[in-house]
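Engineer: Going by the numbering used here, the sequence shown opens with residue 7, and the numbers climb by one from there.
For each residue, glycine too, the CB sits at the ideal point set by N, CA and C.
What follows is a structure written as structure tokens; I'll ask about it next.
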Amino acid sequence: MTEQKKTRRQLLEEFVARKPGDAFSRYGLAMECMNSGDPAAADQHFRALLQNNAEYVPAYLMYAQLLVRESRPSEARSILSTGIAAAEKKGDSHARSEMETLLSEIAL
């Protein structure tokens, strides 16, 4: 019996299961969940990623975008504020600028 071809999400889930602390794999899985219409799983993976890899700057913007789409603007603002600080610490002015732009768009 031949093994059925695995989906991208299944492959990413396997990577994360093998190395739960790997930021790149966790980010890929969060993005795959977000883009395939599973916001609850995406939320779970973004939270796990940022809890264990607070310096992984790209996750903040993408997680905030997910939160905005899910009508959770106050949580998005909080994530962006933390992300902006992380970007400043890393010297990533481009990411900081993108997060500041989104923050200004969802400001009260």
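Applying the criterion that 16 or more other CB atoms from any shown protein chain within 10 Å of the CB defines a buried residue, is R32 buried or exposed?
Structural biologist: As a position in the sequence shown, residue 32 is number 26, starting the count at 1. Buried, by the Cβ-count rule.
Engineer: Please name the residue, chosen from K11, P79, L72, that lies closest to D44 on a Cα-to-Cα basis.
Structural biologist: Counting from one through the sequence shown, the residue named residue 44 turns up at place 38. The option with the nearest alpha carbon to D44 is L72.
Engineer: Report the three-state DSSP secondary structure of S84 (helix, strand or coil).
Structural biologist: Here the question's residue 84 lines up with position 78 in the sequence shown. Here S84 sits in helix by DSSP.
Engineer: I need the DSSP call for S110, collapsed to helix, strand or coil.
Structural biologist: The residue you call residue 110 lines up with position 104 of the sequence shown. Helix.
Engineer: To the nearest whole angstrom, what separates the beta carbons of A93 and A101, a pair I think is in contact under 8 Å?
Structural biologist: Counted from its first residue, the sequence shown places residue 93 at position 87. Counted from its first residue, the sequence shown places residue 101 at position 95. Indeed, because the Cβ distance is near 4 Å, the residues count as touching under 8 Å.
Engineer: K95: which of V63, E106, A113 sits nearest, CA to CA?
Structural biologist: In the sequence shown, the residue the question calls residue 95 occupies position 89. Ranking the options by Cα distance to K95, first place goes to V63.
Engineer: Can you tell me whether Q10 is helix, strand or coil according to DSSP?
Structural biologist: For this step, residue 10 is matched to residue 4 along the sequence shown. Looking at Q10 - three-state DSSP - the assignment turns out to be coil, as it is neither helix nor strand.
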